[in-house]
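In the UniProt record's numbering, the protein residues as written are 1 to 327. Note that CB positions come from ideal geometry on N, CA and C, so glycine has one too.
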Amino acid sequence: MKAVVAGAAGGIGQPLSLLLKACPLVDHLSLYDVVNTPGVTADLSHISSIAKIDGYLPADDGMKKALTGADIVIIPAGIPRKPGMTRDDLFKINAGIVRGLIEGVAEHCPDAFVLVISNPVNSTVPIAAEVLTAAGNFNAKKLFGVTTLDVVRAETFVQAITGTKDPAQTVIPVIGGHSGETIVPLFSQAKPSVDIPKEKLDELTKRVQQGGDEVVKAKDGAGSATLSMAYAGYRFAERVMQAAKGKSGIVESTFVYLPGVEGGDAIAKETGCNYFSVPVELGKEGAVKAHNIIGSANEYEKKLLQTCYGELKGNIEKGIDFVKNPP
Ligand code: NAI
Numbered sequence: 001m002k003a004v005v006a007g008a009a010g011g012i013g014q015p016l017s018l019l020l021k022a023c024p025l026v027d028h029l030s031l032y033d034v035v036n037t038p039g040v041t042a043d044l045s046h047i048s049s050i051a052k053i054d055g056y057l058p059a060d061d062g063m064k065k066a067l068t069g070a071d072i073v074i075i076p077a078g079i080p081r082k083p084g085m086t087r088d089d090l091f092k093i094n095a096g097i098v099r100g101l102i103e104g105v106a107e108h109c110p111d112a113f114v115l116v117i118s119n120p121v122n123s124t125v126p127i128a129a130e131v132l133t134a135a136g137n138f139n140a141k142k143l144f145g146v147t148t149l150d151v152v153r154a155e156t157f158v159q160a161i162t163g164t165k166d167p168a169q170t171v172i173p174v175i176g177g178h179s180g181e182t183i184v185p186l187f188s189q190a191k192p193s194v195d196i197p198k199e200k201l202d203e204l205t206k207r208v209q210q211g212g213d214e215v216v217k218a219k220d221g222a223g224s225a226t227l228s229m230a231y232a233g234y235r236f237a238e239r240v241m242q243a244a245k246g247k248s249g250i251v252e253s254t255f256v257y258l259p260g261v262e263g264g265d266a267i268a269k270e271t272g273c274n275y276f277s278v279p280v281e282l283g284k285e286g287a288v289k290a291h292n293i294i295g296s297a298n299e300y301e302k303k304l305l306q307t308c309y310g311e312l313k314g315n316i317e318k319g320i321d322f323v324k325n326p327p
């Protein structure tokens, strides 16, 4: 399994690369960034794990060398939020960065699983899909927007109420998109079920939707979530790799192009959105089945979903338009 991190020298990229270097599923790790890749690569290369490692800058066909032969490409390249910025504010810069990297994927490793972390995910994933489509290489089963941090936050924040010993043992689907009110945690669908007092539900839901702001504020101008994001990105990448190697029964919430995934058409019809995060069954080919759990949402969650749909549709259209009518 060859894994590539694009944006590897950044706040997310470095800890994510560390986790991948230590992962026994990875035989070869290639790092790519526009700055500082040699240093990060040299540092990680001293770790006595299985994965061989190399790293590249753009010079001398660096992107091509990093991407060629990749089985999985994880993209945390781009600028992070500063206080007062929304994820959508990042659009102008990150849209171009993601477009450029996906053009490289289409050319050098069109069969790789592609995991997009760069925000705004609601728009960067449609950008990736449009670029791959234009290159004749789009396989919706292999393109994922990484929304795992929302799931990880939901698991963690609900623990303050339930008091369970291991928060990760409570599975909470978080659906919709990956910014503010497009993030919809379905606590009613938690497994095992959780009992959240009515008066605490609003606060808990908002904390998951705005969880990133807590970190942006605390870092006070030094960026957004990096360490928790690296953990979440690694957790999702590991599950994609485990499924690719034949492990069955893995289901993770992730932002996918619904019409290209089995079971997705009905969800697209119901939500009016072609891209949506839902629990997706992972298999050797990637996203093998989208689970429609929208019908099981309770009345409170259905209201949240109504708010989500409108905003998410706009974010998706913005991404598509960026590729179809470049600014
Ligand atoms: P950072 O600024 O610390 O790192 C970004 C890295 O990308 C830098 O090393 C930069 O040199 C590199 N880069 C820029 N242009 C590039 C290009 N064309 N090719 C390769 N590398 C390039 O930012 P950080 O904190 O690591 O965040 C990265 C992205 O992840 C941001 O867009 C941020 O909003 C997003 N993010 C996503 C989350 C999610 O849940 N999906 C959560 C937190 C952040």
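Counting C-beta pairs with one atom in each stretch, the stretch 269 to 278 and the stretch 229 to 246 have fewer than three that are closer than 8 angstroms, which means they do not touch. With a cut-off of 8 angstroms on Cβ pairs, the stretch 309 to 316 is in contact with the stretch 120 to 137, counting three or more such pairs.
By the CB criterion at 8 angstroms, Glu262 and Ala290 fall inside the cutoff.
For Pro38, the distance from the CB to the nearest heavy atom of the ligand NAI is not below 7 angstroms.
In the three-state scheme derived from DSSP, where H, G and I count as helix and E and B as strand, His46 is classed as coil. Taking the Cα of Ser179 as reference, the smallest distance to any Cα among Glu203, Asp88, Phe144 and Met241 is reached at Asp88.
With contact defined as three or more Cβ pairs closer than 8 angstroms, the stretch 41 to 58 and the stretch 75 to 92 are not in contact. Between the stretch 283 to 298 and the stretch 57 to 71 there are fewer than three inter-stretch CB-CB distances shorter than 8 angstroms, so the stretches are not counted as touching. Its chain contains Asn137 as the residues whose beta carbon lies nearer than 6 angstroms to that of Pro110, once the 5 sequence neighbours on both sides are disregarded; these appear in chain order. Here the C-alpha atom of Asp27 lies approximately 14 angstroms from the C-alpha atom of Ala244. Taking 8 angstroms as the upper bound for CB-CB distance, Ala135 and Ile75 are not in contact here, some 16 angstroms apart. For Ser224, no alpha helix (DSSP H) segment is defined, and its DSSP state is neither H nor E. Less than 8 angstroms separates the beta-carbon of Ile102 from that of Ala128.
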